[in-house]
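Below is one structure, written out as structure tokens, with a few remarks after it.
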Amino acid sequence: DGYRNTNQVSDDYRYQDGNYDAPNDGYYRGGDEPTQEEDAQSDVTEGHDEDDEVYEGEYQGIPHPDDIKEKQKKRAPAMDDEYRDRADLMAERMEDEEQLAHQYENIIEECGHGRFQWTLFFVLGLALMADGVEVFVVGFVLPSAEKDMCLSSSNKGMLGLIVYLGMMVGAVLLGGLADKLGRKQCLIISLAINAAFAFLSSFVQGYGFFLFCRLISGLGIGGTLPIVFPYFSEFLSREKRGEHLSWLCMFWMIGGIYASAMAWSIIPHYGWGFSMGTKYHFHSWRVFVLVCALPCIASLVALKFMPESPRFLLEIGKHDEAWMILKQVHDTNMRAKGEPERVFTVSYIKTPKQVDEFIEIQSSTGTWYQRWLVRVTTTLKQVWDNVLYCLTAQYRMNTLMLAVVWFTMALSYYGLIVWFPDMIRYFQDEAYESRVKIFDEEEVSHFTFNFTLENQIHRNGEYRDDKFIGMKFKEVRFEDSLFKDCYFEDVRSSETFFENCTIISTVFYNTDLYEHKFINCRLINSTFMEEKEGCHIDFEEDNDFLIYLVSFLGSLSVLPGNIISALLMDKIGRIKMIGGSMLISAVCCFFLFFGNSESAMIGWQCLFCGASIAAWNALDVITVELYPTDKRATAFGILNGLCKFGAILGNSIFSSFVGITKVVPILLASSALVGGGLLALRLPETREQVLM
């Protein structure tokens with residue numbers, strides 16, 4: 001009677017007349033069993049954990065009721081998912097992602113901002129610097145490459161646009177893959193492609209192979225921008241995100257400065273190359289191409305020591321890996337702050353429900369290329385689904401408005417960036433032509449020319465028994481002239497032509513006066529012997545130092561804009577930054593009507609670049625923040641690919657009006673900036689929201 005009644009009833013123990021009657025089964029039953037309250041007190045005092053309590057039926061092979069319920073709970077979602085609509089699963093996933101977004105924000109705040117983020121900042125900055133270098137490389141080597149490869153005007157234009165074409169494809173493809181394979185892995189692939197083909201392009205001799213190498217190199221570097229910004233943003237808290245993504249943009253400027261400085265210091269030095277026989281020439285511009293690959297290689301090596309984005313790992317259900325990386329971030333920052341004793345308090349992180357079906361193929365199934373083909377097609381289908389998702393009702397308006405803003409910004413910016421140097425060259429050519437010397441009806445006989453003739457026009461002249469030995473023609477034109485019994489040996493020429501001339505009994509030995517330089521001429525008993533092969537570079541005269549200076553100053557001029565945008569990005573917001581910057585840039589375009597000299601054009605270029613950089617920085621930030629983690633790099637890649645398409649159009653349109661009119665380029669650029677800036681003001685502000 002000393003026992004109290006409980007709610008537990010079993011077949012082994014029966015309550016009879018207020019007493020518990022144990023069965024007679026041969027087992028010892030303790031006579032004095034403690035009550036539940038005494039059990040609880042014992043657990044507290046002795047540190048006993050109820051989870052470690054051994055179920056009595058376990059010795060008899062009877063499963064615990066709690067274990068059965070737990071197995072049923074685990075089995076239930078899998079059984080339900082087979083019959084649930086995909087929309088329901090997506091709704092549940094979105095709810096999980098919202099919970100994860102707020103929890104992840106708290107975790108990043110607990111990890112702090114310190115040594116880890118700054119290390120990643122410089123590693124990703126080198127990748128962004130490589131992207132900035134790539135934009136300038138072809139423009140700097142083009143004057144030398146056209147001589148080395150004998151490029152026509154159409155070939156030069158294609159070489160200038162091929163990099164943007166590769167970057168456009170690479171942005172969409174590698175940006176989409178980064179949401180499926182991971183930020184770090186795809187960034188490594190992107191940088192490896194760029195480094196390999198940039199290195200290879202410096203050695204190839206033929207135009208076609210060089211064009212192909214620059215195309216694939218551009219494809220590789222095109223993937224850096226859509227990956228770098230999402231990658232870095234996923235290690236930043238809301239309070240730090242706008243400012244530090246803007247600081248990261250400075251590396252694009254550093255890339256332009258690096259390319260300009262290297263071109264200025266390397267390309268003019270003809271002796272920095274080497275030759276192997278008469279066919280293979282490695283001139284100094286190829287050394288410059290090689291040096292421009294160094295930032296990409298440095299970033300590729302450093303990236304091997306950085307972890308994957310934990311936010312991406314949580315999206316694909318890899319909880320433990322993400323937790324370990326976040327703990328590494330926390331511990332690295334705490335040690336740097338002198339607080340190594342602080343413990344990472346997070347034990348569990350919410351992971352969204354996994355909806356995508358991944359196909360795992362056994363090694364014995366089919367041939368290796370069949371397995372590879374299935375994996376590739378499955379991944380590409382998932383990338384395409386992500387692209388379509390950015391155009392669903394939830395994101396359609398934001399995507400379309402951002403697309404217009406990106407396109408108008410790229411059309412005006414890249415168009416003017418090409419137009420400025422072309423206009424400066426045009427002013428130089430005008431000044432050069434104004435100094436031309438004209439010789440009419442001159443008669444020269446028995447004279448030896450062994451010096452340079454430059455910027456001259458000779459009309460109705462007669463040259464008899466003259467020798468042209470070891471000399472250079474630069475911008476020289478002979479019109480309606482007579483050459484009789486003359487001798488040309490070891491002559492080099494640039495922009496030199498003979499028009500309507502009569503050439504009698506004249507020998508051309510080891511010259512580059514080819515057939516196309518004789519326009520409507522009569523050649524009588526004249527001989528061409530051992531013509532010079534290929535094109536020949538005169539670095540002292542053919543390379544314009546002013547173009548390197550213009551690019552250097554244009555890159556340096558964005559420094560104030562970068563600093564201002566970084567300091568104000570989180571104070572005035574992304575939308576006002578984009579709209580204000582684009583409208584100010586449009587005003588700067590109108591002042592280009594007053595740019596009638598080289599110095600004025602350089603000044604307006606610096607002002608335009610400095611005003612527009614804030615819009616670029618804010619566009620990068622808002623594009624990262626408007627899309628969820630599993631679509632972020634895809635959306636950035638689509639918009640950046642559209643940006644490169646705008647760059648191709650801008651380069652083609654603006655350059656065609658050089659020397660014809662300034663009105664069309666200026667009005668086109670300013671109207672595009674005004675339209676894009678006003679539309680940007682309708683975008684949602686993302687300053688206060690967490691990364692979804």
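Take 1 as the starting number for the sequence shown in UniProt numbering and just add one per residue.
Note that beta-carbon positions come from the ideal geometry of N, C-alpha and C, so glycine has one too.
Residue burial classification, Gln605 (beta-carbon count within 10 angstroms, cutoff 16): As a first step, residue 605 must be located in the sequence shown, where it is residue number 605. When all chains shown are included, Gln605 counts as buried.
Residues sharing a beta bridge with Leu416, DSSP: For the purposes of this step, residue 416 is identified with residue 416 of the sequence shown, where counting begins at 1. The bridge partners DSSP lists for Leu416 come to none.
Sequence-distant residues of the same chain with beta carbon closer than 6 Å to Arg522, five excluded per side: Numbered from 1 along the sequence shown, position 522 holds the residue referred to as residue 522. These residues qualify, in order along the chain: Thr502.
Distance CB(Val182)-CB(Phe312) smaller than 8 Å: Here residue 182 refers to the residue found at position 182 when the sequence shown is read from its first residue. Here residue 312 refers to the residue found at position 312 when the sequence shown is read from its first residue. In the sequence on display, residue 182 carries Gly and not Val. Cβ distance < 8 Å, so Gly182 and Phe312 count as in contact.
Inter-residue Cα distance where the pair is Thr448 and Leu553: Against the sequence shown, residue 448 aligns to sequence position 448. Against the sequence shown, residue 553 aligns to sequence position 553. Approximately 45 Å between the Cα atoms of the pair.
Proximity below 8 Å, CB of Phe483 to CB of Thr452: Here the question's residue 483 lines up with position 483 in the sequence shown. Here the question's residue 452 lines up with position 452 in the sequence shown. Contact: no.
Residues bridged to Ile257 [DSSP beta-bridge criterion]: Counting from 1 along the sequence shown, the entry for residue 257 is found at position 257. Ile257 pairs with nothing; no bridge assigned.
Burial state of Leu373, where buried means 16 or more other Cβ atoms lie within 10 Å: Working through the sequence shown from its first residue, we reach residue 373 at position 373. Its Cβ having fewer than 16 others within 10 Å, Leu373 is exposed.
Bridge-paired residues (DSSP) for Met529: Translated into positions along the sequence shown, residue 529 becomes position 529. Note: Met529 sits in a beta bridge opposite Tyr509.
Phe518 beta carbon near the ligand HEM (any heavy atom closer than 7 Å): Among the components modelled here there is no ligand, and therefore nothing to report on the ligand HEM.
From Cys249, Arg286, Gly114, Tyr426, residue whose alpha carbon lies closest to that of Phe657: For the purposes of this step, residue 657 is identified with residue 657 of the sequence shown, where counting begins at 1. Checking every option, the nearest Cα to that of Phe657 belongs to Tyr426.
Among Ile257, Ile457, Glu531, Ala410, nearest to Val550 - alpha-carbon criterion: Here residue 550 refers to the residue found at position 550 when the sequence shown is read from its first residue. Answer by Cα proximity: Ile257.
Pairwise C-alpha distance: Ala647 and Tyr414: Numbered from its first residue, the sequence shown carries residue 414 at position 414. Numbered from its first residue, the sequence shown carries residue 647 at position 647. Here the alpha carbon of Tyr414 sits roughly 5 Å from the alpha carbon of Ala647.
Meets three-Cβ-pair contact criterion under 8 Å: the segment 158–167 and the segment 340–350: no
Span separating the alpha-carbon of Gln370 from that of Val376: Position 370 of the sequence shown, counted from the first residue, corresponds to residue 370. Position 376 of the sequence shown, counted from the first residue, corresponds to residue 376. The straight-line gap from Cα to Cα measures roughly 10 Å.
Three CB pairs or more closer than 8 Å across the segment 565–572 and the segment 280–294: As far as the Cβ criterion goes, the segment 565–572 does not touch the segment 280–294, which means the pair count is below three.
C-alpha distance - Gln205 paired with Ser493, whole-angstrom precision: Along the sequence shown, read from residue 1 onward, the residue named residue 205 stands at position 205. Along the sequence shown, read from residue 1 onward, the residue named residue 493 stands at position 493. If you take the alpha carbons of Gln205 and Ser493, they lie about 22 Å apart.
Residue range of the unbroken alpha helix (DSSP H) whose run includes Tyr231: Counting from one through the sequence shown, the residue named residue 231 turns up at place 231. Unbroken alpha helix (DSSP H) run through Tyr231: 224–233.
Endpoints, beta strand (DSSP E) assigned at Tyr348: To locate residue 348, count along the sequence shown from 1; it is residue 348. Tyr348: not part of any beta strand (DSSP E); DSSP gives it neither H nor E.
Inter-residue spacing [alpha-carbon to alpha-carbon] between Gly157 and Val663: To locate residue 157, count along the sequence shown from 1; it is residue 157. To locate residue 663, count along the sequence shown from 1; it is residue 663. Roughly 23 Å between the two C-alpha positions.
Backbone secondary structure at Arg477 - three-state DSSP: One-based indexing of the sequence shown puts residue 477 at position 477. Three-state DSSP puts Arg477 in a strand.
C-beta contact flag for Ala635 and Ile578 at 8 Å: Here residue 635 is taken as the residue at index 635 of the sequence shown, counted from 1. Here residue 578 is taken as the residue at index 578 of the sequence shown, counted from 1. Taking 8 Å as the Cβ cut-off, Ala635 and Ile578 do not qualify as a contacting pair.
Residues near Gly461 by beta carbon distance below 6 Å, same chain, minus five either side: One-based indexing of the sequence shown puts residue 461 at position 461. Once the five neighbours on either side are set aside, the close Cβ partners of Gly461 are Glu442, Ser481.
Runs of beta strand (DSSP E) wholly within the segment 419–492 (minimum 3 residues, chain order): 437–440, 443–445, 453–459, 462–464, 467–469, 472–479, 482–484, 487–489
Alpha-carbon to alpha-carbon, Val491 and Glu531: Position 531 of the sequence shown, counted from the first residue, corresponds to residue 531. Position 491 of the sequence shown, counted from the first residue, corresponds to residue 491. Roughly 10 Å separates the two Cα atoms.
Nearest to Trp323 (by Cα), restricted to the options Val346, Lys304, Ala336: Position 323 of the sequence shown, counted from the start, is the residue given in the question as residue 323. Out of Val346, Lys304, Ala336, Val346 has the C-alpha closest to the C-alpha of Trp323.
Under the three-state DSSP convention, the category Leu523 falls into: For the purposes of this step, residue 523 is taken as the residue at position 523 of the sequence shown. Strand at Leu523.
Of the listed residues Trp118, Ala171, Ile267, Ile297, nearest to Ser284 (C-alpha basis): Residue mapping note: residue 284 aligns to position 284 of the sequence shown, counting from 1. Closest by alpha carbon: Ile267.
Spatial distance of Leu124 from Phe473 (CA atoms): Residue 124 sits at position 124 when you count from the first residue of the sequence shown. Residue 473 sits at position 473 when you count from the first residue of the sequence shown. Distance between the alpha carbons of Leu124 and Phe473: 49 Å.
Where the alpha helix (DSSP H) through Thr502 begins and ends: Here residue 502 is taken as the residue at index 502 of the sequence shown, counted from 1. Segment 502–504 is the beta strand (DSSP E) holding Thr502; no alpha helix (DSSP H) there.
N- and C-terminal bounds of the beta strand (DSSP E) containing Glu499: Counting from 1 along the sequence shown, the entry for residue 499 is found at position 499. Here the beta strand (DSSP E) through Glu499 covers 497–499.
Complete runs of the alpha helix (DSSP H) confined to the segment 110–159 [at least 4 residues]: 115–148
Exposed unless 16 or more other CB atoms sit within 10 angstroms - verdict on Trp252: For the purposes of this step, residue 252 is identified with residue 252 of the sequence shown, where counting begins at 1. So Trp252 ends up on the buried side.
Check whether Ile189 and Val387 have beta carbons under 8 Å apart: As a working mapping, residue 189 is identified with position 189 in the sequence shown. As a working mapping, residue 387 is identified with position 387 in the sequence shown. Cβ atoms of Ile189 and Val387: not closer than 8 Å.
Close-in-space but distant-in-sequence residues of the same chain around Pro63 (CB under 7 Å, 5 per side omitted): As a first step, residue 63 is located in the sequence shown; it is residue number 63 there, counting from the start. Only weak support exists for where Pro63 lies, its pLDDT of 49 falling under 50; the value from the coordinates is given anyway. Counting only Cβ-Cβ distances below 7 Å, and skipping sequence neighbours, we find nothing.
Exposure of Phe645, with buried meaning 16 or more beta-carbon neighbours within 10 Å: Translated into the one-based positions of the sequence shown, residue 645 becomes position 645. Buried, by the Cβ-count rule.
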